Every structure is written in structure tokens, then in C-alpha cells.
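K.L.:
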Amino acid sequence: MAEKYNLQDPYTNLARRKKEKIRIFLVNGFQVQGKLKSFDNFTYLVEDGKTQSLIFKHATSTILPPSPIKLPPPKSEK
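If you count the sequence shown from 1, you need to add 7 to reach this note's numbering.
1) I need the straight-line Cα distance from TYR12 to LEU61, nearest angstrom please.
2) Buried or exposed: where does GLY56 fall if 16 or more other Cβ atoms within 10 Å of its Cβ makes it buried?
3) Which residue comes first and which comes last in the beta strand (DSSP E) that contains THR50?
4) Would DSSP call LEU43 helix, strand or coil?
5) Ordered along the chain, which non-local residues of its own chain (more than five positions away) have a Cβ less than 7 Å from that of ALA66?
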């Protein structure tokens, strides 16, 4: 059986490492902008210089980085 490729963690980690401001759209239409400082299985920690926001992933609709994030290709099976 083919192993599932986890797209979310590498994408989020590269967004965090780039230290650029991202925009997170929530399911209620609200937007949060700032630098992604950390994340885990359930949340994103975003800072905008003045405030910190802990955003639950289930409330997230879209993450929009200022520039494309190039992901490495998935590891192929041997």
C-alpha cells in the first residue's frame, strides 16, 4: 500500500522558516496576518509584532504566503 504524503507539515514548516508575513483566512471570514512562529497538530501561533494569535487549525480556511512555497518532492518508494 502506498504511504500517504503529508503536505501540511512541510508547507507550514517552510512558511515558518521563511519568516515572511502570511495571511490566514478563517472559516468565519476573519483574516489574521503575521509571522508563523510555531505550529502543532492542532494550532498555529502567529505574531504580528504587537500581538500573538493562537489559531486552531479546524477554524482555518486558507493560508496565503506572500510568495510561493516550493515543497520538496515526495520520497519515492523503493
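A virtual CB, placed ideally from N, CA and C, is assigned to each residue, including glycine. Keep in mind the model is a prediction, meaning the values are calculated, not measured.
P.N.:
From the atom records:
1) 26 Å
2) exposed
3) 50–54
4) strand
5) LEU33, VAL34
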